[in-house]
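J.: For the record, in the sequence shown the residue sitting at position 56 is 56 according to UniProt numbering, with numbers rising by one throughout.
Even glycine gets a Cβ: it sits at the ideal position worked out from N, Cα and C.
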Amino acid sequence: MPELAIRPAAEADLDAINRIYNHEILHGTATWDTEPWPMERRRAWWASHSDPLQPVLVAETPAGVVGFAYLTLMSEKPGWRFTREDTIYLDPAARGRGIGRRLLGALLEEARRIGVRSVVASITSTNTASIRLHESFGFTRVGTLRNAGYKFGAWLDTCYYQLDLGEPPPGAPAWDIT
Numbered sequence: 001m002p003e004l005a006i007r008p009a010a011e012a013d014l015d016a017i018n019r020i021y022n023h024e025i026l027h028g029t030a031t032w033d034t035e036p037w038p039m040e041r042r043r044a045w046w047a048s049h050s051d052p053l054q055p056v057l058v059a060e061t062p063a064g065v066v067g068f069a070y071l072t073l074m075s076e077k078p079g080w081r082f083t084r085e086d087t088i089y090l091d092p093a094a095r096g097r098g099i100g101r102r103l104l105g106a107l108l109e110e111a112r113r114i115g116v117r118s119v120v121a122s123i124t125s126t127n128t129a130s131i132r133l134h135e136s137f138g139f140t141r142v143g144t145l146r147n148a149g150y151k152f153g154a155w156l157d158t159c160y161y162q163l164d165l166g167e168p169p170p171g172a173p174a175w176d177i178t
């Protein structure tokens with residue numbers, strides 16, 4: 001898809017990011033949020049991801065932003081500094097076109113660049129597209145929490161997937177916990 005660009009997100013992308021996420025809240029189970037986010041909450045999220053060790057990427061076509069992906073700290077405890085959770089959301093019209101694959105590939109490159117060792121994904125068990133995507137990158141299923149969430153009148157399981165990127169090089173940004 002040559003007209004697709006994967007790039008770091010900018011504050012100007014927040015409206016599109018929020019639109020994509022709020023659509024999933026209202027229509028899907030990839031997130032277990034049940035109420036759309038107001039822009040104030042999205043701006044607070046953005047401020048928490050201004051940390052270069054929690055990068056946010058967007059997928060952009062000439063029509064605008066069609067997806068986003070980001071890494072989040074698993075915990076603020078220093079021992080967790082080499083582990084991140086990945087998250088990917090796509091506009092419904094952008095699904096099935098390889099955009100998620102491009103976003104996840106770029107996100108894993110960012111993880112390696114900042115010195116992350118382990119990337120974890122929490123995926124609703126019925127989200128077979130996301131499960132297949134992660135498995136295609138070498139993620140393995142490490143556990144399932146049964147009936148952990150409730151949305152749209154149904155109990156939902158979440159599956160945890162993990163990818164070990166190998167030993168991060170000393171001096172990589174994740175080593176710096178100050």
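#1: Where do the ends of the alpha helix (DSSP H) carrying Trp45 lie?
#2: Among Gly153, Ser118, Lys151, Arg146, which residue has its Cα nearest to the Cα of Thr140?
#3: So is Glu110 buried or exposed if we call it buried at 16+ other beta carbons inside 10 Å?
#4: Which stretch, first to last residue, makes up the beta strand (DSSP E) that contains Thr29?
#5: If you draw a straight line from the alpha carbon of Gly115 to that of Pro36, how long is it in whole angstroms?
#6: Closer than 6 angstroms by C-beta to Ile123: which residues in its own chain qualify, once you throw out the five before and the five after it? Chain order, please.
#7: Determine the contact status of Pro92 and Leu57, defining contact as a CB-CB distance below 8 angstroms.
#8: Return the CA-CA distance between Thr178 and Arg81, expressed in angstroms with no decimal places.
#9: Here's the rule: buried if 16 or more other CB atoms are within 10 angstroms of the residue's CB, otherwise exposed. What is Tyr150?
#10: Between Thr128 and Pro170, what straight-line distance do the alpha-carbon atoms span, to the nearest angstrom?
#11: With which residues is Trp155 paired in a DSSP beta bridge?
#12: If you count every other CB in all the chains shown that lies within 10 Å of the CB of Gly67, and 16 or more means buried, which is it?
#13: Would you say Ala106 and Ile6 are within 8 angstroms of each other, going by their C-beta atoms?
#14: So, at 6 angstroms on beta carbons, what are the nonlocal neighbours of Tyr161 in its own chain, with the 5 sequence-adjacent residues on each side left out?
#15: Name the one or two DSSP bridge partners that Asp86 has.
T.: So, to answer that:
#1: 39 to 48
#2: Ser118
#3: buried
#4: First-last for Thr29: undefined, no H or E at that position.
#5: 33 angstroms
#6: Ser130, Ile131, Cys159
#7: no
#8: Any reading at Thr178 must be qualified, since the residue scores a pLDDT of 49, below 50, and its modelled position is unreliable; the value itself is stated next. Cα to Cα, Thr178 sits roughly 11 angstroms from Arg81.
#9: exposed
#10: 36 angstroms
#11: Tyr150
#12: buried
#13: yes
#14: Ala121, His134, Phe139, Arg141
#15: Leu71
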